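So the structure is just underneath, and the comments pick up after that.
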């Protein structure tokens, strides 16, 4: 156990975590969840089910945006320091994973504390629908790591640091707005063909859509899911849908992180 | 001993190192000289695995190939040019982090911290330190461990005369202990004063490896600066090879 705690990955992760909890932006992030979730829950009926549905859009909007922007700024600004760390007898994998785990944990903690202090304290844990609220928190944590992985990967690929912020906003816009428009366009264009399976596959390509559908499946609000969500429920049902969605989210977390690690291992600092 | 064989490095189409061959013996103060953009920092970074040289070359340290490896870095101390430490990080925390990552105590930590008067800002974050103070911490991090090779990139840049004097003394001490100090510098008086040997790197190629005093004797110059001036002003590049 002592060996694990003394490993370079854990040492860097703890260092990174401490560094980030001092960061005022992380405090602002947590406070924004505290305020918005507190207000949304307070003006609602206090029903966790209804609160989860209301808070869903807040989570889908803020978590990917902040994880992309904060993750990319933090990682790109740390590159000169990573240069010094690379000169130590530790591997680049240790540095990358330590940074990823430490930063991700800081973001997740800030999100959970903000949401918890804002809305969780207003619920009765025994109330029906509390599971949906917990799923929303889990999805928020997953989205944090997914978009952090994407931001790290883009930073490792980027040659011009000043363009990274723009790329992050573009990616967020793509996943949050443009992707749905594209899916809708595909459905309109090829409406005469059987599109169920292609649309289901398309939906797996957007973690924000996936998270939305997974929560709404749990809440059983098919009417709010739109075309792709309704298909998801029809073909995969609730349990299988949650299982496949969970697997896809895990893949979304690991694949960009792995690609980022591969690029970082070869990157000239 | 470090042996560099046919080391090249391209950034895209730009060739930064062009088949560098160089041997640095143990227990010497070795200066790497050259104009800005000649590839000095890239060569040092290649030794440390910070940049990946083209696969055709080879770097051998203590009779072992080190490209793509990390264990040899236990024996290497590095002092980068203009280090950028995280602004919220306190000096004390960074020193502890380095000790944890190297998994050994900085045996010279207390003495260096006292000599460099780092104890005065030991608990301050880097965001509140001046450039000179950060450079003192840079010296501490490089010299506090027992390493057989020290790589210093423009070590005296931004230091006041007193600390420059101290650093040069420290470099000489390491040499006396049998350690190798490889450094870059633009201050010729400094190289003339402390270096045993120097290599001239121009456009990624090593032109000559020579002792500074020998270069001055050959050019009949009183200073290394003058000798190098005469060397660069030869019109035929082939004549530069001594």
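Chains as they are written, first to last, in this note's numbering: chain A, 1 to 269; chain B, 1001 to 1242.
Don't be surprised by glycine CBs; every beta carbon is placed ideally from N, CA and C.
None of the values given here were measured: they were computed from a predicted structure.
Residue i (DSSP reduced to helix, strand or coil)
i               : result
residue 193(A)  : coil
residue 1104(B) : coil
residue 1111(B) : helix
residue 1033(B) : strand
residue 1006(B) : strand
residue 256(A)  : helix
residue 1153(B) : coil
residue 1120(B) : helix
residue 1085(B) : coil
residue 1020(B) : strand
residue 1079(B) : strand
residue 119(A)  : coil
residue 101(A)  : helix
residue 1090(B) : strand
residue 262(A)  : helix
residue 1013(B) : coil
residue 1065(B) : strand
residue 4(A)    : helix
residue 1058(B) : strand
residue 1125(B) : strand
residue 1099(B) : helix
residue 75(A)   : helix
residue 946(B)  : The question about residue 946(B) has no answer, for chain B in this structure spans 1001 to 1242.
residue 1159(B) : coil
residue 239(A)  : helix
residue 198(A)  : helix
residue 1050(B) : coil
residue 317(A)  : Outside the shown range of chain A, which is 1 to 269, sits residue 317(A), and nothing can be said about it.
residue 88(A)   : coil
Chain-order list of residues whose beta-carbon lies under 7 Å from that of residue i (same chain, five-residue window excluded)
i               : result
residue 16(A)   : 98, 99, 102, 103
residue 1239(B) : Confidence is the limiting factor: at residue 1239(B) the pLDDT is only 49, short of 50, which leaves the residue's position unreliable, though a coordinate-based value still follows. Cβ neighbours of residue 1239(B) beyond the five flanking positions: none.
residue 68(A)   : 147, 150, 151, 168, 171, 172
residue 136(A)  : 52, 55, 56, 59, 215
residue 1146(B) : 1107
residue 44(A)   : 50, 51, 54
residue 1131(B) : 1158
residue 1169(B) : none
Candidates the options, of which the one nearest residue i by Cα
i               : options                            : result
residue 1214(B) : 1224(B), 1205(B), 1207(B), 1206(B) : 1224(B)
residue 1089(B) : 1229(B), 1137(B), 1174(B)          : 1137(B)
residue 7(A)    : 69(A), 108(A), 201(A), 89(A)       : 89(A)
residue 254(A)  : 148(A), 198(A), 129(A)             : 148(A)
residue 140(A)  : 160(A), 62(A), 153(A), 50(A)       : 62(A)
residue 95(A)   : 118(A), 80(A), 108(A)              : 80(A)
residue 1013(B) : 1054(B), 1176(B), 1131(B), 1112(B) : 1054(B)
residue 264(A)  : 135(A), 86(A), 248(A)              : 86(A)
residue 274(A)  : 157(A), 105(A), 161(A), 218(A)     : Since the first and last residues shown for chain A are 1 and 269, residue 274(A) lies out of range.
residue 1177(B) : 1066(B), 1150(B), 1202(B), 1045(B) : 1150(B)
residue 1157(B) : 1023(B), 1231(B), 1108(B), 1184(B) : 1184(B)
residue 269(A)  : 197(A), 115(A), 187(A), 76(A)      : 76(A)
residue 21(A)   : 258(A), 187(A), 74(A), 106(A)      : 106(A)
residue 201(A)  : 26(A), 185(A), 245(A)              : 245(A)
residue 119(A)  : 239(A), 38(A), 184(A), 5(A)        : 38(A)
residue 1019(B) : 1220(B), 1217(B), 1201(B), 1232(B) : 1201(B)
residue 117(A)  : 160(A), 35(A), 5(A), 162(A)        : 35(A)
Anticipated Cβ contact below 8 Å, residue i with residue j, distance rounded
i               : j               : result
residue 1043(B) : residue 1032(B) : 7 Å
residue 1129(B) : residue 1163(B) : 14 Å between Cβ atoms; not a contact.
residue 214(A)  : residue 242(A)  : 6 Å
residue 1181(B) : residue 1188(B) : Contact flag wrong, Cβ pair sits at about 17 Å.
residue 1059(B) : residue 1046(B) : 7 Å
residue 1004(B) : residue 1021(B) : 6 Å
residue 1143(B) : residue 1077(B) : 6 Å
residue 1037(B) : residue 1006(B) : Contact flag wrong, Cβ pair sits at about 21 Å.
Beta-carbon contacts of residue i that lie in its chain and below 6 Å, excluding the five residues immediately before and after
i               : result
residue 72(A)   : 151, 155, 164, 168
residue 1104(B) : none
residue 1122(B) : 1091, 1092
residue 1242(B) : Residue placement at residue 1242(B) is poorly supported in this model, since its pLDDT is 43, which falls under 50; the coordinates still yield a value, given next. If we look at residue 1242(B) and ignore the five residues flanking it on each side, its Cβ neighbours are 1208.
residue 30(A)   : 110, 113, 114
residue 1152(B) : 1079, 1183
residue 252(A)  : 146, 207
residue 1026(B) : 1001, 1180
residue 1211(B) : 1197
Cut-off 8 Å between Cβ atoms - residues of its own chain near residue i, not counting five sequence neighbours on either side
i               : result
residue 208(A)  : 60, 64, 143, 175, 176, 179
residue 1016(B) : 1009, 1010, 1039, 1042, 1204
residue 1134(B) : 1083, 1085, 1126
Residue i at chain C interface by Cβ criterion, 8 Å
i             : result
residue 80(A) : In the displayed structure, chain C is absent; the protein chains listed are A and B.
request  = Write down every uninterrupted run of the alpha helix (DSSP H) in the stretch 129-173 of chain A whose length is 4 residues or greater and which is fully enclosed by it, in chain order.
outcome  = 130-157, 164-173
Inside the stretch 1165-1225 of chain B only - beta strand (DSSP E) runs reaching at least 3 residues = 1180-1184, 1197-1202, 1205-1210
key: Minimum length 4: unbroken alpha helix (DSSP H) runs contained in the stretch 13-57 of chain A   = 24-43
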